[in-house]
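Peer 1: Here it is, the structure, as structure tokens.
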Amino acid sequence: MNQLTFENQPMTLIEHDGRLWLKSADIARALGYARTDKLTRVYDRHESEFTGSMTCVVETPTLGFPNLTSETRMFSLRGAHLLGMFARTANGMKFRKWVLDQLDAIEEQRVANRSLMSEWYDAKAALDNQNRFASLCGRGLNDHKRQKPPLMQRIALIAEKIQPSLSFS
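At position 72 of the sequence shown (counting the first as 1) the number is 95 in our numbering, and the numbers step up by one without a gap.
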């Protein structure tokens, strides 16, 4: 879990189904609502404008009672931004800007991480295609022998960039 802070208000990012989510209670406090059910009312009034990728309900164990669960509504950062658009609180405008900044930061991080991985997957796919082609016919085998070493070298170079290096001095 990651921790974000909006105006000294801690907000926990929860990973669920490969996505990052915020609890509605955290969003309500950040927007300045005294009670979390006020945010629920905002959501209920505009429910049709939210998609499944913006909100979900998750069952969580109740603290101290392992057999009891409670339902918690969570919102993605996009869903939190939309809530900020509908909120009529003093913090609404600051919260919307903050959420967009968080989305940009997360996307930049994903793009940086994704670029090396996607490059590696592309190189691996080219090698796999070359291997399939080589097995189809004898002439393909000769082409394969010629094209395989540079593909293997490309994969090795990308894999070297992906692996973190430790300097021992």
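Even glycine gets a Cβ: it sits at the ideal position worked out from N, Cα and C.
Computed from a predicted model, the values in this text were never measured in an experiment.
Which value, in whole angstroms, describes the spacing of the CA atoms of R155 and L139?
Peer 2: 24 Å
Peer 1: So, G107 versus F118, is the Cβ gap smaller than 7 Å?
Peer 2: Contact flag set, yes.
Peer 1: Apart from the five residues on each side of it in sequence, which residues of its chain come closer than 6 Å, Cβ to Cβ, to E30?
Peer 2: none
Peer 1: Can you tell me where the alpha helix (DSSP H) with R42 in it begins and where it stops?
Peer 2: Segment R42 to K46 is the beta strand (DSSP E) holding R42; no alpha helix (DSSP H) there.
Peer 1: Identify whether S141 lies in helix, strand or coil by the three-state DSSP scheme.
Peer 2: helix
Peer 1: Check whether the stretch 86-94 and the stretch 45-65 touch, using three or more Cβ-Cβ pairs below 8 Å as the test.
Peer 2: no
Peer 1: Please tell me whether R52 and Q32 are closer than 7 Å, where the distance is taken between their beta carbons.
Peer 2: yes
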